[in-house]
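The structure under discussion appears below in the form of structure tokens.
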Amino acid sequence: LTLSLIDFLIPADLELAWSPSLPETKTPKKTKIPNRYCNSNFHRKKFVNLLFIISVFRLNNNNIAEDGCAALSSALYSNPSHLIDLDLSENKLGNSGVKQLCFFLNTTDCKLQQLKLSFCSITEEGYGALASAIKSNPSSLLNEMDLRGNDPGETGVELLINLQNDAASKLKKIR
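Going by the working numbering, the first residue of the sequence shown is number 3, and it counts up by one from there.
Below, the structure written as structure tokens:
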């Protein structure tokens, strides 16, 4: 991941949580990283290192589009992550951005439990990609998705209901 892509991904006021060695029963620490700490290349490199120990990543409403989603997905795909909660709501991901994210969802390294993609201009095509990625990854831990404000069409709704009812799937809560 290059710094130019990191420039694109870092929001003005980022909230994240991390738990590098905490047992699952403990609550991760939360902190805000104001933009003033991400201005220099030194701090941006530190941020890249943090990306791989973050457990909660809230990037909602940050004008992230397909290319930003591709950069994030690539970073997560290339490096083991402790990320369990990803919020990309209210961004301009569309079906193309969601398909990029599905590369990460399809890996055995994906530890995501909650994925928030509300109001991201996702249609039936994106819903199909999500359902396919989750179904094809038997080690998926994803148990909750927020997809409100998108346009799934009848087929998209049917795909997710089938996935939710599949005994092999951990996905139990869809909004």
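By construction, the Cβ of each residue, glycine as well, lies at the ideal position given by its N, Cα and C atoms. Keep in mind the model is a prediction, meaning the values are calculated, not measured.
Compare the C-alpha of residue i against each of the options and name the closest.
i: T157; options: V58, G151, T125 and G96; result: T125
i: K101; options: N167, A133, D87 and L114; result: A133
i: K118; options: L88, F106 and N164; result: L88
i: A170; options: P140, S75 and V159; result: P140
i: V58; options: Q116, S80 and C71; result: Q116
i: E146; options: Q166, D111 and R60; result: Q166
i: L61; options: L90, S75 and F106; result: L90
i: D111; options: D153, S76 and N152; result: S76
Given this structure, state the Cα-to-Cα distance separating residue i from residue j, to the nearest angstrom.
i: N65; j: L95; result: 9 Å
i: A67; j: D168; result: 31 Å
i: I176; j: L78; result: 23 Å
i: F121; j: D148; result: 9 Å
i: L144; j: R150; result: 17 Å
i: K137; j: L173; result: 10 Å
i: I56; j: G99; result: 21 Å
i: G130; j: L161; result: 7 Å
i: A73; j: N164; result: 30 Å
i: G128; j: N97; result: 4 Å
i: N63; j: G155; result: 24 Å
i: L85; j: N108; result: 14 Å
i: G70; j: S123; result: 15 Å
i: F106; j: N93; result: 18 Å
i: V159; j: L103; result: 19 Å
Here's the rule: buried if 16 or more other CB atoms are within 10 angstroms of the residue's CB, otherwise exposed. What is residue i?
i: F44; result: Low confidence applies here, because F44 scores a pLDDT of 48, under 50, leaving its location unreliable; read the following figure in that light. When all chains shown are included, F44 counts as exposed.
i: A135; result: buried
i: S142; result: buried
i: S80; result: exposed
Curious, which full-length beta strand (DSSP E) runs of at least 3 residues does the region 90-136 contain?
116-118
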